[in-house]
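Before any comments, here is the structure.
Numbering (the numbering used here), first residue to last: 3 to 157.
Set out below in structure tokens:
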């Protein structure tokens, strides 16, 4: 098994997957924890103290559950933009031994798009708005079809 943790502004997501010898993967159900790490960051420039504590508590539980499972983590805009984001990453590495990579805004948009493009049209619309059209158009075209009203709906 392998695990990836997405440290977002409002929630943490844990994705576990089984890797098979033939190169295929079986993705297990995602786990989501709302921690509000980025709450009021626009005013303070720092991660929310309650969000930090809630996030660390969730990660501690996951760390116990994952035991010896190889685990990686990515951090997105809140951690990337917060004055104390690097210190938070250092704390995660020290407490849990996980390698955390802060991804760029372009990477975040592309990953958000690819991760949600097969979900409902509503979530796809919400996440595509952050994706440059030049990156998303070829992918979106595979899953959309015009309706009689002239609008595009997910296939």
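Glycine included, every Cβ here is placed at the ideal spot set by N, Cα and C.
Only counting the same chain, and skipping five residues up and downstream in sequence, which positions put a Cβ closer than 6 Å to that of residue i?
i	result
residue 19	4, 27, 29
residue 110	78
residue 86	48, 49
residue 82	104
residue 40	11, 80
With DSSP collapsed to three states, give me the class of residue i.
i	result
residue 74	strand
residue 100	coil
residue 11	coil
residue 37	coil
residue 56	helix
residue 28	strand
residue 20	strand
residue 5	strand
residue 68	helix
residue 47	coil
residue 94	helix
To the nearest angstrom, report how far apart residue i and residue j are at their CA atoms.
i	j	result
residue 42	residue 50	7 Å
residue 8	residue 21	19 Å
residue 80	residue 31	25 Å
residue 57	residue 15	11 Å
residue 17	residue 45	31 Å
residue 38	residue 11	6 Å
residue 25	residue 72	17 Å
residue 6	residue 68	11 Å
residue 53	residue 35	11 Å
residue 13	residue 92	19 Å
residue 55	residue 48	14 Å
residue 90	residue 108	22 Å
residue 33	residue 96	23 Å
residue 94	residue 106	19 Å
Could you give the C-beta distance for residue i and residue j, rounded to a whole number, given that I count them as a contact under 8 Å?
i	j	result
residue 60	residue 77	The Cβ separation is near 14 Å, so there is no contact.
residue 100	residue 75	5 Å
For residue i, which residues from the same chain have a beta carbon less than 7 Å from its beta carbon, with the 5 sequence-adjacent residues on both sides left out?
i	result
residue 1	The structure shown does not extend to residue 1, since the chain is modelled only from 3 to 157, so the question has no answer here.
residue 128	With a pLDDT of only 39 at residue 128, under the threshold of 50, the placement of this residue in the model should not be trusted, and no figure is reported.
Give a yes or no on whether 8 Å exceeds the smallest Cβ distance from residue i to chain B.
i	result
residue 95	The structure shown has no chain B; it contains just one protein chain.
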